[in-house]
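In what follows, a single structure is set out as structure tokens and then discussed.
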Amino acid sequence: MDMNTIPVDPAFRKDVLRCFEDGSHAIPARWLYDRAGSELFEQITELPEYYPTRTETALLKKYCSEVGALGGEGRAVIEFGSGSSTKTPHLLEAIHPAAYVPIDISGEFLAYSAAQLKPVFPDLPIYPLEADFMHPLRLPEEVLDQPKIGFFPGSTIGNMIARTSVDLLRSMRETLGVGSQLLIGFDRIKDKDLLIAAYDDSAGVTAQFSLNLLHRINGELEGDIPVDQFRHVATWNDRYARIEIYLEAQADVAFPIEERAFSLSKGDRLHVENSHKYGIRDARLMLRAGGWTPVQEWSDESDYFSLILAEA
Ligand code: AVJ
């Protein structure tokens, strides 16, 4: 990476320096998604061990007509963190929306997904919104008067601790308005070994995905972290019902970041991601805490993943 051409996000710098300065050794998971990270994540979704994408896509295909029947036609679909929008066509086909608003912090992703969907849905107006959806947003003028359904697939909510999840659900309620619906995916608690395999695949793609964060720090923040001295570790934390992902130093290491000197001892871990999982009623309670009433829940035969339709 050429550090002269990458504009550094000051929030990234702040989070990275804080991680080492206050000894928390934790970096928010959202920084995993630079261009290389987003590409690696797309690869993760196709791994044999990574069941969530495949399971949720099958649920969408199977039950989208029911989602359509539980709400009217001619609504605006608002997708939070649309990314590459690969699951969106299933929903759009089933509910015949009047408009589609993909929201993402990456303008590049927004342009890509709009370009992908245009030829498939030539009559559907698309109003991309480049924004951070963690806070209430003003939607494009054109959809303000339309009934709305939010779409938040992928168990993206699983990256957040419960308190933050509830804040987000409340923000979404504010953005979409009373009377709107939300279709949201939740990854379920299951056999620990299956969970760990999904986050520590045999091909090592997930390891590359986490380690990419260190490459990003080196590239964007003038770091010199010896990436090959770190190992990707995925553990199940039963108390918090989540997979935790760490980068563990395999030796004592010392390195600069922006001319500041930092060090880690052998065995020290940087906490780079949480992926929360939900018991049978957990997700419904969380939705209610955020101001949403569950209307219907769909799961696969093994209860690996749930799609929930809720109403504000
Ligand atoms: C995008 C947050 C849903 O937690 O399963 C996958 C991210 N990280 N493998 C997940 C992820 C490592 C993913 N989410």
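The numbering used here applies: residue -11 is where the sequence shown begins, and numbers increase by one. In this text, a Cβ means the ideal position worked out from N, Cα and C, and glycines have one as well. Predicted model, so just to flag it, every value in this text is computed and none were measured.
Look at K75 here: in three-state DSSP terms it is coil, with no helix or strand label. The closest heavy atom of the ligand AVJ lies less than 7 Å from the beta carbon of P40. Apart from the 5 residues on each side of it in sequence, V193 sits with its Cβ closer than 7 Å to the Cβ of L28, Q31, I32, L35 in its chain, given in chain order. Counting C-beta pairs closer than 8 Å gives fewer than three between the segment 214 to 230 and the segment 59 to 78, which falls short of the contact rule. Ranked by Cα distance from R1, the options L209, L275, R126, H264 are led by L209. Here DSSP, grouped into helix, strand and coil, assigns R126 to coil.
Residue range 257 to 264 is occupied by the beta strand (DSSP E) that includes S263. In this structure, E299 is the residue among G69, P40, E299, E246 with its C-alpha nearest to the C-alpha of G279. For S73, the Cβ stays outside the 7 Å cut-off from all heavy atoms of the ligand AVJ. Given a length threshold of 3 residues, each whole run of the beta strand (DSSP E) inside the segment 112 to 169 is given here in chain order: 136 to 140. Listed in chain order, the beta strand (DSSP E) elements of length 3 or more contained wholly in the segment 161 to 225 are 169 to 175, 218 to 225.
With 16 or more other CB atoms across the displayed protein chains lying within 10 angstroms of its CB, Y187 is buried. Taking the CA atoms as reference points, E246 sits about 21 Å from R257. Only buried fits V89, as 16 or more other CB atoms lie within 10 angstroms of its CB. When DSSP states are grouped into helix, strand and coil, W19 belongs to the helix group. With contacts defined as CB atoms closer than 8 Å, Q169 and I137 qualify as a contacting pair.
Counting the other CB atoms within 10 Å of its CB gives S53 a total below 16, which places it among the exposed residues.
Annotated three-state conformation of Q104 is helix, per DSSP. Here the alpha carbon of A229 sits roughly 43 Å from the alpha carbon of D111. In this chain, the beta strand (DSSP E) harbouring A237 covers 230 to 237. M122 places its beta carbon 8 Å or farther from that of L171. V89 carries a strand assignment under DSSP once its states are collapsed to helix, strand and coil. A Cβ-Cβ contact shorter than 8 Å links A271 with S294. In this structure, DSSP gives I296 an extended state, which the three-state scheme calls strand.
In this structure, DSSP gives V4 a helical state, which the three-state scheme calls helix. Distances taken from the Cβ of S263 to the heavy atoms of the ligand AVJ include one shorter than 7 Å. The alpha-carbon separation between P113 and K75 amounts to approximately 18 Å. With 16 or more neighbouring CB atoms inside 10 Å of its own CB, L117 falls in the buried class.
Following the DSSP letters along the chain, one finds V65 inside the beta strand (DSSP E) bounded by residues 64 to 68. By the Cβ-count criterion, R6 is exposed, with fewer than 16 other Cβ atoms from all chains shown falling within 10 Å of its own Cβ.
Contact between V260 and I93 is absent: CB atoms are separated by about 18 Å, not below the 8 Å threshold.
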